[in-house]
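Chemist:
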Amino acid sequence: MYRFFRPPIVKFALNLWPPFWGAGIRIVRISEDFRQVRIQLKLKWWNKNANRTQYGGSIFSLTDPVYALMLIGILGKEYFIWDKQAEIHYLKPGNTDLFADFLISEDQLEQIMAATACGDKYFPEFVVQVKNTQGEVVSQVKRVLYVRKKPQYRATCEDGDKDTLEGSRAIT
6 MYRFFRPPIV
16 KFALNLWPPF
26 WGAGIRIVRI
36 SEDFRQVRIQ
46 LKLKWWNKNA
56 NRTQYGGSIF
66 SLTDPVYALM
76 LIGILGKEYF
86 IWDKQAEIHY
96 LKPGNTDLFA
106 DFLISEDQLE
116 QIMAATACGD
126 KYFPEFVVQV
136 KNTQGEVVSQ
146 VKRVLYVRKK
156 PQYRATCEDG
166 DKDTLEGSRA
176 IT
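If you use this note's numbering, the sequence shown corresponds to residues 6 to 177, in order.
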């Protein structure tokens, strides 16, 4: 793994990153294995919309690029990992600070590694819920990532060796 890519350093850097800092987004916790991340969006005067609730763009921003960074921390330099696509469903106004808990399970990792071992592109989907301080779901965000093993790290596979994982599945 990259020397600088350790949870405390990533947390520190992201908390200073202008898009997060300016929007009132704060990384609360990154687990040592990068499998769990908790993020907070503070309700501040500068990120309120015309209705005096959380600005939707800030809610959407708090989920970007969290899953990609988690996978980089877990899988390391052997993979290309990018955010590919996202969609958000606003369910109710955000009248308080908001929180999002991101999780990547062992099963999800095994699925990603199996699908990409021979160099195939894989597009895992992750769903995260953004909640208010009362634990009510304010929005739900689906993120689709692009994951592919770099050429120098790919297994030598014949067509018959490849798993037949077609498309992608939502990972919740």
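Note that beta-carbon positions come from the ideal geometry of N, C-alpha and C, so glycine has one too.
Out of 154, 161, 139 and 160, point me to the one whose CA is closest to residue 80's CA.
Modeler: Position 75 of the sequence shown holds residue 80. With distances taken between Cα atoms, residue 80 lies closest to 154.
Chemist: Between the beta-carbon of residue 73 and the beta-carbon of residue 150, is there less than 9 Å?
Modeler: Taking the first residue of the sequence shown as position 1, residue 73 is located at position 68. Taking the first residue of the sequence shown as position 1, residue 150 is located at position 145. Yes, the Cβ-Cβ distance between residue 73 and residue 150 is below 9 Å.
Chemist: Going straight from the alpha carbon of residue 128 to that of residue 152, what length do you get?
Modeler: The residue labelled residue 128 in the question sits at position 123 within the sequence shown. The residue labelled residue 152 in the question sits at position 147 within the sequence shown. Distance between the alpha carbons of residue 128 and residue 152: 6 Å.
Chemist: Is there contact between the region 97 to 109 and the region 38 to 49, where contact requires at least three CB pairs shorter than 8 Å?
Modeler: yes
Chemist: So, at 6 Å on beta carbons, what are the nonlocal neighbours of residue 49 in its own chain, with the 5 sequence-adjacent residues on each side left out?
Modeler: If you number the sequence shown from 1, residue 49 lands on position 44. If we look at residue 49 and ignore the five residues flanking it on each side, its Cβ neighbours are 29.
Chemist: Thinking just about the alpha-carbon of each residue, which of 52, 157, 24 and 144 is nearest to the one in residue 69?
Modeler: Locating residue 69 in the sequence shown gives position 64, counting from the first residue. Considering only alpha carbons, the answer is 24.
Chemist: Along the beta strand (DSSP E) that carries residue 144, what are the first and last residues, could you check?
Modeler: The sequence position of residue 144 within the sequence shown is 139, counting from 1. Run containing residue 144: 142 to 154, per the beta strand (DSSP E) assignment.
Chemist: Can you tell me whether residue 19 is buried or exposed, with buried defined as 16 or more other CB within 10 angstroms of its CB?
Modeler: On the sequence shown, position 14 is the one that residue 19 refers to. Buried, because 16 or more other Cβ atoms sit within 10 Å of the Cβ of residue 19.
Chemist: Do you know how far the Cα of residue 126 is from the Cα of residue 120?
Modeler: If you number the sequence shown from 1, residue 120 lands on position 115. If you number the sequence shown from 1, residue 126 lands on position 121. Distance between the alpha carbons of residue 120 and residue 126: 8 Å.
Chemist: Can the beta-carbon of residue 52 be found closer than 9 Å to that of residue 63?
Modeler: By 1-based counting over the sequence shown, the position of residue 52 is 47. By 1-based counting over the sequence shown, the position of residue 63 is 58. Taking 9 Å as the Cβ cut-off, residue 52 and residue 63 qualify as a contacting pair.
Chemist: What would DSSP say about residue 158, mapped onto helix, strand or coil?
Modeler: One-based indexing of the sequence shown puts residue 158 at position 153. In this structure, residue 158 counts as helix in the three-state DSSP scheme.
Chemist: Mapping the DSSP letters down to three states, classify residue 106 as helix, strand or coil.
Modeler: One-based indexing of the sequence shown puts residue 106 at position 101. Here residue 106 sits in strand by DSSP.
Chemist: At what residues does the beta strand (DSSP E) containing residue 131 begin and finish?
Modeler: As a first step, residue 131 must be located in the sequence shown, where it is residue number 126. That run of the beta strand (DSSP E) goes 130 to 137.
Chemist: What ranges does the alpha helix (DSSP H) occupy inside the region 19 to 104, keeping only unbroken runs of at least 4 residues that lie completely in it?
Modeler: 23 to 28, 61 to 66 and 71 to 80
Chemist: Distance, Cα to Cα, residue 86 vs residue 26?
Modeler: Within the sequence shown, the letter at position 81 stands for residue 86. Within the sequence shown, the letter at position 21 stands for residue 26. Each residue's alpha carbon lies about 24 Å from the other.
Chemist: Taking the alpha helix (DSSP H) that residue 115 belongs to, which residues open and close that run?
Modeler: Counted from its first residue, the sequence shown places residue 115 at position 110. Segment 111 to 121, the alpha helix (DSSP H) holding residue 115.
Chemist: Can you give me the Cβ contacts of residue 65 inside the same chain, cut-off strictly under 6 Å, excluding the 5 residues immediately before and after it?
Modeler: Residue numbering aside, residue 65 sits at position 60 when the sequence shown is read from its first letter. Hits under 6 Å: 93.
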